[in-house]
Each structure stands twice: as structure tokens, then as C-alpha cells.
Amino acid sequence: MSIKGKTVIITGASSGIGEATALKLAQEGANVVLTARRKERLEKLKSKIDELKAGKALIIPGDVTNKDDFSKLVEQTKKEFDRIDGLVNNAGLMPLSYVKNLHTEEWDKMVDVNLKGVLNGVAAVLPTMMDQKSGNIINISSSAGRKIYPGGAVYCATKAAVKMFSEGLRQELAPNFNINVTSIEPGFVDTELTDTITDDEIKDDLLSNFQEMTPLEAEDIAEAIFYALNQPKRANINDVYIMPTEQAQ
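Following this line, the structure appears as C-alpha cells:
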């Protein structure tokens, strides 16, 4: 389908992949609905999109772990644009740590945002997409959903769950409701994601491995998302596995 004139909800739109995706899709003529907790960031992003004079931007601040926030998001999106053509489940956290250090509150947050946030988003938009008999759901997983590493046990588990959930959704929804589903699985991307790491031990052991690497940019992932959304309806891009050239694993 052509993305022009379509309406796409983007979670975690205040920075990184979400922000880059909003700019890309709006530039291509889509209406983008921006949600995140940081309203000020969303307002700045909307100003950038307004300057493009292409697709429209609607700001609806919210928390992906809150089902009521998602209900309001869908209600306001349909009120403004009448339909929902796409959902980009992008919001995520990556406070890596060794299991032995028992950062259990961070484990809970990753499960709530990375996994439950995706489930909440799908549950919120699915009735509308099923009524329309059309739609695209893009879930941001990770290369970490395929390859486990020390310090990433919980994070990798959440991203593996997103990958498996995406494929289960595709099998149920694509043949019966014409709703396409894609799992986007990036390697190391230069975003704020590593800022959530509080475990000093993992910072010393893991992040030093990335210092000399040229990472992916958020715009690279935005291009992959656009590619998946812009396919003809007969084609479902099941997953996109995209790694930095210099990243071995």
C-alpha cells in the first residue's frame, strides 16, 4: 500500500527510533499519532512535522503500561482521522544487568514496557483493524530476541517474546483479517536506550565492546519500518533483521 494519507500510531515517539519513524512516515504523507510520556518532546517533534507540510501529526501523551491511556489514544485517533491503518509498537527499555545483581525492579519494568506494552497496544487497535479488515502492526523486537548474552537475560527474554508474539499474530490475523504483522529486529542502534542501564558492572563489561563500533542510526530503522508498511497488501514482511556492518553478534 502507499503510506500517503494513512494513519499510523507510534509509541515511544519522543526520541530515537520512534521520533525518526514519525518524521519518515510524515514526510511520506502519513498522518502520525505520537504517544510517549514526555509531552514536551512530542510537541517539538510535532513542530518539525508541521514544517514538512506533508502528513499531519497528532499528540496524545500516554504510558504504554496503562490500558486506559491506550483506550483514549485509540478513541482520539479515530475521532481525528476516522481510522487506524498502522501501529508501531516501539516503546522499550534496556536496563541490562547481571541476574546475580538482582535488579528486580528493572526486570519488572522491562516486562511491563517491552512486553505488556506491546500486548496493550495490539489489544487497543485490534477491534478497529478487524472491523476495517485491514491494518499493519509493527513490533520492535531486537537482535537480542535471537541471541542471548550475559547481562541480557531479562531483556533478551522480553524481545524474544515480542518476536514470537508477532509471528503468532501474523498467523492468526493476516489470512483472516488482512492485517499484516512485522517484527523489526535491530542490532546496536545509537539511541537513548543504553541510558537506562544502572548496573556499573555491565557498563564496564558490555558497553566497552560497542565503543569502537559504528552503530546503526535511528533513521536506518525508520527506513525498515517504512519498507514494511509500504508493501502491497498481498505481501507481509514477517521480520526484518538489521545489524551494524561491524557487529559480529
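My numbering applies: residue 1 is where the sequence shown begins, and numbers increase by one. Virtual Cβ for every residue (Gly too), placed ideally from N, Cα, C.
Worksheet item: Taking the alpha-carbon positions, what's the residue 198 to residue 178 distance?
Response: 42 angstroms
Discussion item. Closest to residue 124 by C-alpha separation, out of 141, 145, 87 and 14, would be which residue?
Written reply: 87
Practice prompt. Could you check how far apart the C-beta atoms of residue 93 and residue 114 are, in whole angstroms? I think they sit under 8 angstroms.
Written response: 6 angstroms
Worksheet item: Buried or exposed: residue 170, going by 16 or more other Cβ atoms within 10 Å of its Cβ?
Response: buried
Worksheet entry | Inter-residue CB distance, residue 118 and residue 89 (contact presumed, cutoff 8 angstroms) | 5 angstroms
Practice prompt. Look at residue 17 and residue 43 and say whether their C-beta atoms are less than 9 angstroms apart.
Written response: no
Worksheet entry | Residue interval of the beta strand (DSSP E) (run including residue 239) | 239-242
Worksheet item: With 16 as the cutoff for other CB atoms within 10 Å, does residue 5 come out buried or exposed?
Response: exposed
Practice prompt. Could you spell out where the beta strand (DSSP E) holding residue 185 opens and where it closes?
Written response: 179-186
Worksheet item: residue 115 by DSSP, collapsed to three states: which one?
Response: helix
Worksheet item: Out of 54, 11, 46 and 10, which has the shortest C-alpha to C-alpha gap to residue 264?
Response: Outside the displayed range of the chain (1 to 249) lies residue 264, so it cannot be described from this structure.
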